[in-house]
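Take 0 as the starting number for the sequence shown in numbering that gives the first Met the number 0 and just add one per residue. Using N, Cα and C, we set each Cβ at its ideal position, and we do this for glycine too. Structure, as structure tokens:
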Amino acid sequence: MISFDHVHLCCTDLDAMVHFWTEALGASFVRFRKFGGAEGAVVTLSGVQIFLKKIPADAPAPVASACGLNHIGIRVEDPNVMAERLVSSFGGTLINKASDDCSFVAVPQGLTLELMRAGVDV
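Listed below in structure tokens is the structure:
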């Protein structure tokens with residue numbers, strides 16, 4: 000049997016990242032924990048575990064490549080309303096409003112979210 004377990008994201012501000020996932024996206028906080036020796040936290044969104052690992056602000060950022068993580072897709076009631084909320088309240092930047100059913104927003108810590116209207120094939 001194969002099943003999806005988690006997504007692991009690095010950040011320089013753990014508290015801000017937990018706040019973003021729980022307040023902006025409605026994720027549930029599970030617990031703080033260590034990943035190796037690094038501080039971290041676990042949140043869940045739609046049953047998926049998201050591991051957040053703090054890296055020192057002066058450490059080199061993990062290298063991303065064209066073949067690595069591009070964005071995270073999130074289903075929401077209204078992508079336009081959520082995009083506006085992420086921009087106005089959480090420091091996001093609108094990248095592209097592809098349609099009324101899909102928007103891309105850059106959010107803190109170098110992540111890009113694709114906001115897709117729930118129930119619509121985009």
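Asked, Found
"Under 8 Å between C-beta atoms of Arg116 and Pro59", "no"
"Inter-residue Cα distance where the pair is Ala37 and Ala23", "24 Å"
"Test item: CB-CB of Phe89 and Phe19 under 8 Å", "yes"
"Distance between beta carbons of Leu112 and Ile71, contact taken as under 8 Å", "6 Å"
"Coil, strand or helix - Thr111 by DSSP", "strand"
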